[in-house]
């Protein structure tokens, strides 16, 4: 990382030197307005890219695996709350910065009310509709309705699989935290910043369950560890959270992540939830960017041999999912306590001293952390940053070459008589027309090719989402159509109407939960995998389309230089035009586009309950009439089960319709608002990079014609300024060339 930071600063310094050179030229001699604009625009673009460059590292893994402790150990401080609950659906982002600061972004009222309504739908007996008014937490009557609904829930709804039901905790937290948060929440999301001594104030929100639910984003800047500012470490929500929405939020971050660090506790080993999540990562097409950390709790292992055996077993199991997994053994808590040694309390100090006595354990953790940091830095520098630096240096060399050519042409014009100079300008005009023609051809080819490229993208997406042949839609619809639980298992012996309402709500909850899990665990990873395939294909297609023009540009520039030399000119050092490398991240940022949130895949609607209640009422009347007619009365549980089954038929129908509409909408959004715009942005980026090869040669004729008119002292002054500029330009060329060689 140190080497990268040094080379990055060299690139930025060269940009400053170029601008100083242009400014010096304008002060020393008359220069046509806009002469250096194209080069300055390129330099501005390079600076912006360097400033925007980011390497996102997502730390993922199941709840209680030690993710937050591990991230704290990386930054050598207790910055994140450890052992956060399952309700906090936040990805906490951390950067290095000059100031210790935390920024908290709070959800809008619409987001809060929508999340409450969604959670309530999944709890039998929770009906938050007050008349025809949508639920609004700000209204006292609605809060009272929510409180009454929670109070009336049975114990089996408060506890699910030996843990608190995430939906009831969410609703309860919103209700309990309302009085403290109502003054902070706005119609739109708002951000609060805490700096320096106030930094820890972020825990008042992120560390408190009833307030954390109001948070949308947490971003921390840490000043104690000298990471590169462009590196972002994200502490993600537990991958085994029972809430599918939390999983979708993790997926939204993983779409843009460059590296995944998957933390596994040596205490639990690889579990079914891990296998499910890693399978999802593979479907998303990002498995090769995953590295693993086995977080060892020294207190859980009898010996070093026992710990090594567990790590070996985990590695063996991982290899069945990820070929040749990269695994690092670390005790996150040991590393963290070592960093905090001077400020530890007595209990933690004693624990640290005890662990140090067993050198095998402590040395294994230190070695494992060192190996992880080294691997991380290699991925940071080799996989991404140095490729970008090489591109920046190449573009600056083209500018340096162009400046030398501009100097030589201007000096040559000033050294000739009027007639000879005019003939030279006339000879250059023809060559420039040829270059302008090639430039126009590239733009026309790209514009024409984009139509076919977009057509191909549309066909791929349409096939993927095809209702009859697409596997994704088929899987969703088949799941919905075939959903048929044991309805009698939902029926109780209670004869009151509320018992049936609870049973019906439970059926709907389980159905909705099953669909949500299918979407989150199986469908959205496939959608993300498709998008990544299409992005790679898009880059390859545009490369193939414009690759022949790389040779044409070099031939055209070569012809130009030969023609100029025949006119008695020497242009100076040249840089062969190389094929530009497209940058997806830069293209997205420049175009202001984002991958459609995978969380929206869960945003479908279903009408609930009323239909089944009507049917149950009808069956009850029929049963009463049969009783009057001395016919056999059917068992009440059988009636309930039949009403539940008929109600589910209606729910399935509504689900199929709403899901179909939702997927069609998402499909068009993926095409129109993302893929097509990305194609346009990449094409523009590609054209600009190709066109930069001509910038040194096109657009100088007005400047040269003006130089013909300069005489006497003006001419001598300009010649002196050009000689001084040439020395700076040659120095800059060599300076950037040296950076490029060091990068390579």
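Numbering (the UniProt record's numbering), first residue to last: 1 to 744. Ideal placement from N, C-alpha and C gives every residue a C-beta, glycine not left out. These numbers were taken from a predicted model, which means no experiment stands behind them.
Mind the definition here: the region 62–71 touches the region 263–273 only if three or more C-beta pairs lie below 8 Å; say whether that holds.
yes
Compare the beta carbon distance of residue 488 and residue 641 with 7 Å and say whether it is the shorter of the two.
yes
Other residues of its chain near residue 15: CB distance less than 8 Å, five sequence neighbours each side excluded:
43, 46, 47, 396
Which first and last residues belong to the alpha helix (DSSP H) in which residue 68 is found?
67–74
Nearest-angstrom Cα separation, counted from residue 562 out to residue 691:
20 Å
Look up residue 250 in the DSSP assignment and say whether it is helix, strand or coil.
helix
Beta carbon of residue 219: closer than 6 Å to some heavy atom of the ligand GDP?
Absence of the ligand GDP from the depicted structure is noted, as is the absence of any ligand whatsoever, leaving it without description.
Would the region 434–442 and the region 665–672 be scored as touching if the rule is three or more Cβ pairs under 8 Å?
no
What residue from 303, 231, 393, 601 has the CA that sits closest to residue 361's CA?
303
What is the DSSP secondary structure of residue 664, reduced to helix, strand or coil?
helix
Residue 364: first and last residue of the uninterrupted alpha helix (DSSP H) it sits in:
359–380
One question on the structure: do residue 328 and residue 366 come within less than 7 Å of each other, judged by their Cβ atoms?
no
What are the complete alpha helix (DSSP H) segments, minimum 4 residues, inside the region 244–307?
244–254, 272–284
Can you say whether residue 524 is buried or exposed, counting buried as having 16 or more other CB atoms within 10 angstroms of its CB?
buried
Using the C-alpha atoms, what's the distance from residue 172 back to residue 148?
11 Å
Within the region 186–215, ranges of the beta strand (DSSP E) (whole runs, at least 3 residues)
190–195
What does DSSP give as the partner residues of residue 47 in its beta bridges?
Residue 47 pairs with nothing; no bridge assigned.
Which of helix, strand or coil DSSP assigns to residue 103
strand
Are the Cβ atoms of residue 6 and residue 95 separated by less than 7 Å?
no
Does the pairing of the region 101–108 with the region 212–220 give three or more beta-carbon distances under 8 Å?
yes
Can you name, in chain order, every residue of its own chain whose Cβ lies under 7 Å from the Cβ of residue 180, other than the five neighbours on each side?
211
Give the range of the beta strand (DSSP E) segment to which residue 93 is assigned.
92–96
C-alpha gap between residue 756 and residue 224, whole angstroms:
This structure does not reach residue 756, given that the chain is present from 1 up to 744, and the question cannot be answered.
Among residues of its own chain, excluding the 5 on either side of residue 338, which ones have a beta-carbon nearer than 8 Å to its beta-carbon?
352
To the nearest whole angstrom, what separates the beta carbons of residue 745 and residue 323, a pair I think is in contact under 8 Å?
The chain is shown from 1 up to 744; residue 745 falls before or after that span and cannot be answered.
Any idea what DSSP makes of residue 488, helix, strand or coil?
helix
For residue 252, which of 377, 197, 91, 317 has the nearest alpha-carbon?
91
Is there contact here, the region 278–286 with the region 512–527, by at least three beta-carbon pairs under 8 Å?
yes
In the DSSP output, what is residue 58 paired with across the bridge?
234, 260
Could you please give me the residues that DSSP links to residue 222 through a beta bridge?
96
Below 6 Å CB to CB, which residues in the same chain sit around residue 162 once its five sequence neighbours on both sides are set aside?
Residue placement at residue 162 cannot be trusted, given a pLDDT of 46 that sits under 50; the coordinates are not used to answer.
Report yes if the C-beta distance between residue 503 and residue 515 is below 7 Å; otherwise report no.
no
So, is residue 357 buried or exposed, given that buried needs 16 or more other C-beta atoms within 10 angstroms?
exposed
Can at least three beta-carbon pairs, one atom from the region 13–32 and one from the region 190–210, be found at a separation below 8 Å?
no
Once DSSP output is grouped into helix, strand and coil, what is the label at residue 608?
Reliability fails at residue 608, whose pLDDT of 49 lies under 50, so the model's placement of it is uncertain and no value is given.
Return the chain-ordered list of same chain residues with a C-beta closer than 6 Å to the C-beta of residue 77, the five sequence neighbours on each side being excluded.
224
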